[in-house]
Each structure stands twice: as C-alpha cells, then as structure tokens.
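If you use the numbering used here, the sequence shown closes out at 1288, no skipped numbers anywhere.
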Amino acid sequence: AAAAVAAAVESLDPLAAIVFALTCPECGTAFETPFDPPAFVWQELAAVASRLLWEVDQLARAYGWPEADILALSPLRRRAYLEIAAG
C-alpha cells in the first residue's frame, strides 16, 4: 500500500521523490539513494523517545524523583543532573 501511495504521489509531482546523488569519499563511486522524510522523522522521534526514557530511568534511580517531576525539567537541566549523577 505504501509503494502504491508513493507511486501515485510521484506521478502527480515528480519533484516529491527526494533522491540524493552521493559520491563515496573512499572510492569515488557515484550513487543515488532515496530519502524518505516520514521515515526519517519517525526514526528521529523514536531516538528522542528512547533517550528520554533512559534519562527518566537514570534520574529516577539516582534521585528517586517521580517521572512527572523529571519530565518537567528542561532538557538542559536533565542533562546537568545526569552528569552529576554519573559522577
């Protein structure tokens, strides 16, 4: 189904398909690779969520704080406490 949607979008707007033309810095081989913005955004969100879960876990273990209090901290403040807890 996703392939059909992608094909339909590309037929309506050929510029909708994002393809990067790259060159290998080691051997100089040129190649193209597609870029999938939704997949990229999803991957980034998953990484942020995973990192946030880890931060909450570490701070809860180190300080005994509840999740809501940890999430109320700014990212900068959370990282500062993580550095302190790591010693």
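Backbone N, C-alpha and C fix where the C-beta goes; we use that ideal spot for every residue, glycine too.
Q. What residue ranges within the segment 1223-1253 form continuous beta strand (DSSP E) runs of no fewer than 3 residues, ordered along the chain?
A. Qualifying beta strand (DSSP E) stretches, in chain order: 1231-1236.
Q: Label VAL1210 either buried or exposed according to how many other C-beta atoms from any shown protein chain fall within 10 Å of its C-beta, with 16 as the threshold for buried.
A: Numbered from 1 along the sequence shown, position 9 holds the residue referred to as residue 1210. Around the beta carbon of VAL1210, a 10 Å sphere encloses fewer than 16 other beta carbons of the protein chains shown; the residue is thus reported as exposed.
Q. Alpha carbon to alpha carbon, how far is GLU1233 from LEU1213?
A. Taking the sequence shown and counting its residues from 1, the one referred to as residue 1233 is at position 32. Taking the sequence shown and counting its residues from 1, the one referred to as residue 1213 is at position 12. C-alpha separation (whole angstroms): 22 Å.
Q: Specify, as a first and last residue, the run of the alpha helix (DSSP H) that ALA1217 falls within.
A: For this step, residue 1217 is matched to residue 16 along the sequence shown. Here ALA1217 belongs to no alpha helix (DSSP H), and DSSP marks it neither H nor E.
Q: Go to ALA1286, then tell me how far its alpha helix (DSSP H) extends in each direction, as first and last residue.
A: Here residue 1286 refers to the residue found at position 85 of the sequence shown. Looking at the DSSP string, the run of the alpha helix (DSSP H) that includes ALA1286 is 1276-1287.
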